[in-house]
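One structure is given below, encoded as structure tokens.
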Amino acid sequence: MALLLGLLAACGSALAAAVQPDERIMPRTFTGDDGLPQSGVNAIVQTRDGYLWIGTYGGLARFDGMRFETFRGQSGVESVLTEEGRQKGPTSDRILALHEDDAGRLWIGTQDAGLSVFEHGTFRHLPVCGGVCQISDVLQGPDGAIWIASSVGVLTLDPASRQETWIERADWAGYVRMSSDGQGRIHVGGHRGFGVVAGGRIRPVRLPGGDRRIHLLERSGDQLLVGTEHALYRYDPVRRHWQPLGVDEPTFATQDADGLWWVSQVSGRLLREDGAGGWRNVPELTGAGVTSLARDDEGNLWVGSNSKGLLRLRKPLFGLLSVPQQGANAAGRAVVADGQGGLWFGSACGDLGHWRHDGDMRVLPIGQVLGNNCVASLLLGRDGVIWVGTIAGTLGRIVDGELQHVVTWPTAESVNLWQRENGRHLVSLGRATFELEIDAQGRIVDRRDIDALKGMHINQMREAVRGGHWFAGDQGVLRLVAGKVVEQWTPAEGLSSRFARALHEDRETGTLWVGTYGGGLNRIQDGQVRHYDSGNGLVDDTVSCMLADARGRLWLGGNRGVTLLPAPREAAATIESIGYAADDGLVPAEINGGTASPCHRDTQGRLWFSLVEGFAVLDPADVPEVRPATLQPHIEHVAVAGRPLDFTGPALVLESFARNLEIRYTAVNLSKPRDTHFRFRLSGFDEDWVEAGQNRSILYPSIPWGEHLFEVQARIAGGQWSPVPASLRIVHPRPWYQRPWVWTLATLLGLLALLGSTQLERSQPESGGTATRPRRRRG
């Protein structure tokens, strides 16, 4: 059996003297099953509103991280219009080029129908080159003009007047790539070679090595990255100097968040710069058939392929260390320093692994000596001795590389280990906690039970700033001084849960942080408890371990991965947190806890976590001063009774008695879309914000009369609600016969009619039955 490192360090050399993060790339693939209109991706661009736009041979798609919305058209100049008269999409489904200008307009180049533009929610077709040519590339120049490389030549377009100016006409696709340099000059490249625009025409630039064609052309600072049919160069247009970069047959390129280039090759390989002047192969993408490359503002790299769809790449933050055991990875349980720059790893049940400071790896079998190979805890003693506690009640130690049995307790329960400042060992065995005095030969010479902890299962012990020690376990948190409880925190004192697992005390502020299993995180400061969970900013309600980095940030290990608190001292009614899981290289994304040493900060500041399978390592120096992302919500779709409505105007005016108003909204989160949460409200209908969770639509069966404002906010798990909500003014007019003045007038008219009829009756003689004449009197 051997401990195996997942992959080598970024440099690709042999194992270094210290453990390095795993550099394995784990692409996430999006295909037609996810809503991508077609598997051949030709162009990718992120617009300033955060959306990712993808051009394929099957249509144009807009992606928010969760859902693809496809905009389709038809070949030719005729537009396909919605019921409201708006164009549905570009005039061709065969999209080759995408570019956003400084005004937020999206320019769309097609293979067979010229150029379209998307602006203010509407597509328009532009009759460039008769509206039937191929547009291979679109670029905005420093003066704001739109440069277009087409199958019939190169031209510019004034975005306001739409006036065309031809730079060079041709009857075949001579130039297919364009870029500007540091001085604002436009360079073009393609089958006709390489050139720079000067004096209103294209002046040829001689390529090195006798090359004649350009496949790749990108801006690189003040210089250009130029790929010919044979090699990749960095070209200085001022000095006219060509620097070969050692890459054969390049095709596409983009820079990542670290400023390093990724380049695809005709051979099907994808290379990336290693930061030291060399290139490293990305074997996970070999054979993908790269047809486009782009980067978003979240640090993701996007790869378009010719048949495998769209791929998202994220640089893993975590390195992985696994222990193969009979075909499966054993659970990590404990990690501790060896006192000489190396580390010991304990698994359940996978013996002990020792990573020496020189990079050498070895496994120390413990089953024969200790009776089983299932480690519960590890401890580096003050004298440099490594102590081992097993899950079966055995205590052992390693002296000069030799494993020795110390004692086996008959209860056969997990042994948790700590050591006091006086050198005495503290042991938690089931619900008993006691001190041991052990001599140099490993013999127990004294035992003292800690009665104050009797009946309590202890998970963690920490030295307390105000004296004594903190103990966390299944009865909350206690502080003991000289064996007596001087302070306790349980649910009766406001602790969120009695199942305490992790402790961290901020020595500068005197704040005690308590992590619980299922009850979130507690902050105890000045005698007051503040509770944080998924309802007020915490990503994960389980906190199995806590580690502080050099910046004072807290890293929490839990069931959903690792959570970063970027500013724990700023926490108030809510707390900010950032979650890291499988997309960040943490596989599996569950931290083991309930033991004395599940996590560890090594001498170089790196953080180690015991996983349910193996171990993970993170260097906090690789994570800059980050805060949770602020999401921007968008309203994408409005319909009444299933009929889509145009809501681009200042207000959405509904028909009288409109029913079943559906509003669909979103927020762009390309990295972790399932961590996006929403809330909304409709004035005059909702009294307060309505928590929607991950739901992205709302249906109102009926809308009250009058004017209303619909608002929606979004946040990423652990972050704040978007400060500016997406909003929609809604007008639901009463029908004329339902308006108050109509009812008032009708009432007045009714009263007048009633009054008039009464007066008329009074003016008429009484009548009823048969009329008779009066009798005459006799004298």
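For the sequence shown, this note's numbering gives the first residue as -1, with consecutive numbering after it.
Glycine included, every Cβ here is placed at the ideal spot set by N, Cα and C.
#1: Look at the alpha carbon of residue 612 and the alpha carbon of residue 513, and state the distance between them as a whole number of angstroms.
#2: Let me know if residue 614 comes out buried or exposed under the rule of 16 or more other beta-carbons within 10 Å of its beta-carbon.
#3: Could you pull out every unbroken beta strand (DSSP E) segment of at least 3 residues lying fully inside the segment 115 to 167, listed in chain order?
#4: For residue 827, which residues of its own chain have a beta-carbon under 6 Å away from its beta-carbon, when the five flanking residues on both sides are left out?
#5: Hey, how far is the Cα of residue 489 from the Cα of residue 471?
#6: Measuring straight from C-alpha to C-alpha, what distance separates residue 603 and residue 525?
#7: Here's the rule I'm using: 16 or more other beta-carbon atoms within 10 Å means buried, otherwise exposed. How should residue 161 be labelled?
#8: Would you kindly work out how many angstroms separate the C-alpha atoms of residue 121 and residue 88, rounded to a whole number?
#9: Do you know how far the Cα of residue 673 is from the Cα of residue 308?
#10: In whole angstroms, what is the alpha-carbon distance linking residue 211 and residue 310?
#11: Taking the alpha-carbon positions, what's the residue 305 to residue 265 distance?
#12: In this structure, does DSSP put residue 584 in helix, strand or coil?
#13: So, with DSSP's three-state summary, where would you put residue 745?
#14: Distance, Cα to Cα, residue 356 vs residue 340?
#15: With distances taken Cα to Cα, identify the nearest neighbour of residue 332 among 632, 590 and 57.
#16: Assess contact between the segment 101 to 115 and the segment 131 to 140, defined as three or more Cβ pairs (one per stretch) separated by less than 8 Å. Is contact present?
#17: Relative to the C-alpha of residue 547, which candidate in 601, 657 and 685 has its C-alpha closest?
#18: With DSSP as the reference, identify every bridge partner of residue 454, one or two as the case may be.
#19: Can you find the residues in the same chain that come closer than 7 Å, C-beta to C-beta, to residue 707, ignoring five residues on each side of it along the sequence?
#20: So, do the segment 682 to 694 and the segment 642 to 659 have three or more beta carbon pairs nearer to each other than 8 Å?
#21: Give the secondary structure of residue 598 by DSSP, where H, G and I count as helix, E and B as strand, and everything else as coil.
#22: Give the range of the beta strand (DSSP E) segment to which residue 688 is assigned.
#23: Among 380, 582, 250 and 197, which has the Cα closest to the Cα of residue 560?
#24: Compare the Cα-Cα distances from residue 463 to each of 496, 502 and 456 and report the closest residue.
#25: Put residue 30 into one of helix, strand or coil per three-state DSSP.
#26: In or out: residue 714 buried (at least 16 other Cβ within 10 Å) or exposed?
#27: Just to confirm the assignment, what range does the beta strand (DSSP E) spanning residue 630 have?
#28: Excluding the five sequence neighbours on either side, which residues of its own chain have a C-beta within less than 7 Å of the C-beta of residue 700, listed in chain order?
#29: For residue 630, tell me which candidate among 572, 619, 580 and 710 has the shortest Cα-Cα distance.
#30: Rank 223, 466 and 66 by C-alpha distance to the C-alpha of residue 56 and give the top, closest one.
#31: Answer with buried or exposed for residue 507, where buried requires no fewer than 16 other C-beta atoms within 10 angstroms of its C-beta.
#32: Can you tell me whether residue 745 is buried or exposed? The criterion is at least 16 other CB atoms within 10 Å of its CB, across all chains shown.
#33: Span of the beta strand (DSSP E) holding residue 402?
#34: Which of the three DSSP states is assigned to residue 862 in this structure?
#35: Kindly list the residues whose CB is nearer than 7 Å to the CB of residue 346, restricted to its own chain and excluding five residues on each side of it in sequence; keep chain order.
#36: For the segment 228 to 246 against the segment 278 to 288, are there 3 or more C-beta pairs whose distance is under 8 Å?
From the atom records:
#1: 22 Å
#2: buried
#3: 120 to 124, 133 to 138, 144 to 148, 151 to 155 and 162 to 167
#4: Because the chain in this structure spans residues -1 to 777, residue 827 falls outside the shown range and cannot be described.
#5: 13 Å
#6: 31 Å
#7: exposed
#8: 6 Å
#9: 21 Å
#10: 30 Å
#11: 16 Å
#12: coil
#13: helix
#14: 8 Å
#15: 590
#16: yes
#17: 601
#18: Paired residue(s): none; residue 454 is not in a bridge.
#19: 681, 725 and 727
#20: no
#21: strand
#22: 688 to 691
#23: 582
#24: 502
#25: helix
#26: buried
#27: No beta strand (DSSP E) holds residue 630; DSSP gives it neither H nor E.
#28: 657
#29: 710
#30: 66
#31: exposed
#32: exposed
#33: 400 to 406
#34: Nothing can be reported for residue 862: it is not among the residues displayed for the chain, which extend from -1 to 777.
#35: 328, 329, 331, 372, 373 and 389
#36: no
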